[in-house]
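Participant: A single structure is presented below for examination.
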């Protein structure tokens, strides 16, 4: 498969992810939180892309970090500033200094006083992304000179297992709720790490269409509400990571169906759509 085709199918994956988020926010379905499932699709894809950039493309770390910052921060800054100014113009307490600062400094997912807040709530996922990007950069700085991408893949998987195990332990031992466990970067980074690690380990291996489909079905099936969170974000994440790592091995007619122009377009604007849709999600809640 050509590089262009790979990019198209990954844009389609993004399109499906943001569509799931929108369904979960505005048209909730019984038995499954589509919003959370959509974020999980984003996370495993992010892991694959970052691993490819850092450990296959071997981009310079300063270039990698610059591109990540310039992609993520401007939209977040505009969104948070807009909310903050509107909130104060209307003499509302919806977004105060503490919330705005924690969002812009990417520590909002550890600001426990605001966990679950609807208007800025989705910033948690960007915090997890940024913290995991930094972890990837540290691993690249320490290891990519000495280890092959295949070996680094196993390192990422090991760290992912440790993060998932930490989440399971906290969730079970302390009976914390979802927001106090699975918004934490040191727990939820497992999804991104699985995405990167599995991609590196399997990058040079051929697989069957049916193994990709099976992984996708299992991964999505484990996102239903009846499945405990610690299973969703361990075995479920791993299954989705397996699927996205080899999504291009789907049969041509399946890829053609995925690469629908509308899905691709939605995928290309998914980041901005994810950020700004929260305004209307909040309005829907009100």
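Residue numbers (the numbering used here): 218 to 503. For glycine and all other residues, C-beta sits at the position ideal for the given N, C-alpha and C. Small disclaimer: the values here were computed from a predicted structure and weren't measured.
Throw me the rounded Cβ distance for the residue 436 and residue 406 pair, which I believe falls under 8 Å.
Facilitator: Actually they do not touch by this definition, with Cβ atoms about 18 Å apart.
Participant: Can you tell me which of the three DSSP states residue 387 falls into?
Facilitator: It is helical.
Participant: Any idea what DSSP makes of residue 324, helix, strand or coil?
Facilitator: Coil, per DSSP.
Participant: Would you report the Cα separation of residue 366 and residue 303, rounded to the nearest angstrom?
Facilitator: The alpha-carbon atoms of residue 366 and residue 303 are separated by roughly 47 Å.
Participant: Looking at C-alpha atoms only, which residue of 471, 252, 496, 425 is the closest neighbour of residue 225?
Facilitator: For residue 225, the nearest C-alpha among the options comes from 471.
Participant: Should the stretch 248-255 be regarded as contacting the stretch 427-445, the criterion being three or more beta carbon pairs within less than 8 Å?
Facilitator: Output reads yes: the stretch 427-445 touches the stretch 248-255.
Participant: Taking the runs of the beta strand (DSSP E) that are 3 residues or longer, which of them lie wholly in the stretch 408-444?
Facilitator: None, since the stretch 408-444 contains no complete beta strand (DSSP E) of that length.
Participant: Report yes if the C-beta distance between residue 369 and residue 272 is below 8 Å; otherwise report no.
Facilitator: Yes, Cβ-Cβ distance for residue 369 and residue 272 is below 8 Å.
Participant: Of the residues 269, 328, 416, 324, which one's Cα is nearest the Cα of residue 347?
Facilitator: Looking at the Cα atoms, 324 is the closest of the given residues.
Participant: If you follow the alpha helix (DSSP H) that residue 341 is part of, which residue opens it and which one closes it?
Facilitator: 340-360 is the span of the alpha helix (DSSP H), which, as asked, contains residue 341.
Participant: Can you give me the Cβ contacts of residue 328 inside the same chain, cut-off strictly under 6 Å, excluding the 5 residues immediately before and after it?
Facilitator: These residues qualify, in order along the chain: 319.
Participant: Determine the DSSP secondary structure at residue 364, reduced to helix, strand or coil.
Facilitator: Of the three classes helix, strand and coil, the one that applies to residue 364 here is coil, per DSSP.
Participant: Starting from the C-beta of residue 380, find all residues in its chain whose C-beta is less than 7 Å away, skip the five residues before and the five after it, and write them out in chain order.
Facilitator: For residue 380, where only same-chain residues beyond five positions count, the Cβ hits under 7 Å are 403, 404, 406, 407, 410.
Participant: Under 8 Å: do the stretch 419-433 and the stretch 460-467 share three or more Cβ pairs, one atom per stretch?
Facilitator: Yes, they touch.
Participant: For a quick check, are the C-beta atoms of residue 230 and residue 461 less than 8 Å apart?
Facilitator: The answer is yes: Cβ separation under 8 Å.
Participant: Using a Cβ-Cβ cut-off of 7 Å (strictly less than) and excluding sequence neighbours within five positions of residue 218, which residues of its own chain qualify?
Facilitator: Confidence is the limiting factor: at residue 218 the pLDDT is only 46, short of 50, which leaves the residue's position unreliable and the question unanswerable from this model.
Participant: Taking buried to mean at least 16 other C-beta atoms within 10 Å of its own C-beta, is residue 391 buried or exposed?
Facilitator: Answer is exposed; the Cβ neighbour count stays below 16.
Participant: If contacts are defined as beta-carbon pairs under 8 Å, then residue 265 and residue 412 qualify, I think. What distance do you get, rounded to the angstrom?
Facilitator: That pair is a contact at about 5 Å.
Participant: What distance in whole Å lies between the Cβ atoms of residue 289 and residue 343, which are believed to be in contact at a cut-off of 8 Å?
Facilitator: Indeed they touch by this definition, with Cβ atoms about 6 Å apart.
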